[in-house]
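In this note's numbering, the protein residues as written are 3 to 428.
First the structure, in the form of structure tokens, and then the observations on it.
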RNA sequence: GGAAGAGUGGCAGAGCUGGUUGAUUGCACCGGUCUUGAAAACCGGCGUACCUGAGAGGGUACCGGGGGUUCGAAUCCCUCCUCUUCCGCCA
């Protein structure tokens, strides 16, 4: 949620940010509407506070009168207070209505894109921040896509998943299951080596938690919901990890807070179809190791680049062809100020697959979450939040199988061998 | 799931027969005096959010969340949540 102060004080910047995110004409009117409504909120607040102040004073007087034994005078004042209370009640109701309306408007505004974000409307306009340096992988004539490899080596059963649950819930078996476990352990170890604190969070969260990181209300339909207990299955570890610091005030010396966690991620992916959902490309449940950082605003972009470098090393060590994109305004998520996507190349499919997304949210999440720090003057200010996948498993497995296939079998990258315990899947 | 008890400021812990209590006190923390330095001692400060004000300051709200009673509630009532203990169940 965008800070009201930014909307008020930097309206021009907000408007140009909205344009970069291809906002509709109605959306461009939003800042003015919000400011007007906020003015109304302030004046209503002032009237209400003044009224309450008078009521408080009168109540004190009534108390003293009773003590002084002047019951008649005290009782006479009660009716006066009663009238004021009616007035206050009316003001309270309208203040709440104004607040709700204001929130509803502000919540519709996306985060402001960082100045380096390229213009554009969709994926085709993303900037290739770092192209793949090596030769494009060429697979032999006998090369197979990962879903066929999975079947050939008995690594994954999509059919069994359908039987147990439904499509998008694969069952990993044998060396396929072991590969999953190896990757999780490897990614976690690397994150911990890099200084992140390992966390194992709940996989279901309550409404307030889902709201604070921005999943609610805008992505409600993408989460699995447990109606009986009013819980949501997490779509990413970002949700519980970042929320660990909800409603807190950090000291500057606490920065950077660095957290990592492995969790399965649950996504309904309503509306997906076709090649997108083939094999491991898009699942309802997949495993992911997430990294999260809470940072001082002055350092958050340096932090972002450190996270990018971390992810890049992982991909390099897995010996996968990858590239880094800087997302354009139109392709960026609602919450993000700047996002780098990592893609690995699926040669068998002839397409790049997103395996990581690393973003700086600036104060967009912390505003909703009330995550602050104390600055030099002792004032509280909103911290910046960042997160990234390091890494999302399913697609990594897909490109790992495809890129490392040989006539003898699938070769496990050297870095991963201590974790798998085998060098070859055959 | 059932029963009983409890949830107060960073922590500990008063207040809970309703009225100068945003809240006694101790610890922690910050500033100062003293000291060669430190400790101790002493003095002072020390919650968050919003409104208002150039500022100093003033005002409002908040004692687990929400609602109610009352002129007035941390204090009484209702409800939800959480924790503790006992019973039940169970990995």
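For every residue, glycine included, the Cβ atom is placed at its ideal position computed from N, Cα and C.
In the DSSP secondary-structure assignment, residue 252 is bridged to 375. With contacts defined by Cβ atoms closer than 8 Å, residue 270 and residue 197 do not form a contacting pair. Per DSSP, the continuous alpha helix (DSSP H) segment holding residue 57 begins and ends at 27-69. For the beta strand (DSSP E) assignment, the uninterrupted runs of no fewer than 3 residues enclosed by the region 177-216 are, from N- to C-terminal side, 199-201 and 206-208. Between residue 214 and residue 371 the beta-carbon gap is near 4 Å, inside 8 Å, which marks them as a contact. Taking 3 residues as the minimum length, the region 69-106 contains no beta strand (DSSP E) run wholly inside it.
DSSP, read as helix, strand or coil, puts residue 386 in strand. Annotated as proximal: residue 309 and residue 388, with beta-carbon spacing under 8 Å.
Per DSSP, residue 260 is one residue of the beta strand (DSSP E) stretching across 259-268. In this chain, residue 365 is not harboured by any alpha helix (DSSP H), its DSSP state being neither H nor E.
Cβ-Cβ separation between residue 128 and residue 379: approximately 40 Å, too far for a contact (criterion under 8 Å). As the crow flies, the alpha-carbon of residue 284 is around 22 Å from that of residue 176.
For residue 301, there is no enclosing alpha helix (DSSP H), as DSSP marks it with neither H nor E. In the DSSP assignment, residue 16 falls within the alpha helix (DSSP H) that extends over 13-22. As computed with DSSP, residue 411 is found in a beta bridge with 408. Collapsing the DSSP output to three states places residue 126 in a helix. Per DSSP, the unbroken beta strand (DSSP E) holding residue 343 starts and ends at 340-348. Note on residue 264: 16 or more other CB atoms within 10 angstroms of its CB, so buried under the neighbour-count rule. Residue 351 carries a coil assignment under DSSP once its states are collapsed to helix, strand and coil.
For residue 165, the uninterrupted alpha helix (DSSP H) run begins and ends at 160-166, by DSSP. Around the beta carbon of residue 203, 16 or more other beta carbons sit within 10 angstroms, so the residue counts as buried. A Cβ-Cβ contact shorter than 8 Å links residue 57 with residue 86.
Per the DSSP secondary-structure output, residue 5 pairs with nothing in a beta bridge.
The shortest CA-to-CA distance from residue 384 to any of 392, 375 and 391 is the one to 375. Boundaries of the alpha helix (DSSP H) harbouring residue 151: 148-154, taken from the DSSP string.
A residue is called buried once 16 or more other Cβ atoms fall within 10 Å of its Cβ, and residue 9 is buried on that count. With contacts defined as CB atoms closer than 8 Å, residue 146 and residue 407 qualify as a contacting pair.
Bounds of the alpha helix (DSSP H) holding residue 243 are 240-245. For residue 234, the enclosing beta strand (DSSP E) starts and ends at 233-235. Bounds of the alpha helix (DSSP H) holding residue 419 are 419-422.
Across the structure, residue 152 and residue 313 are spaced so that their CA atoms are roughly 25 Å apart. Of all C-beta pairs linking the region 353-360 to the region 224-238, fewer than three are shorter than 8 Å, placing the two stretches out of contact.
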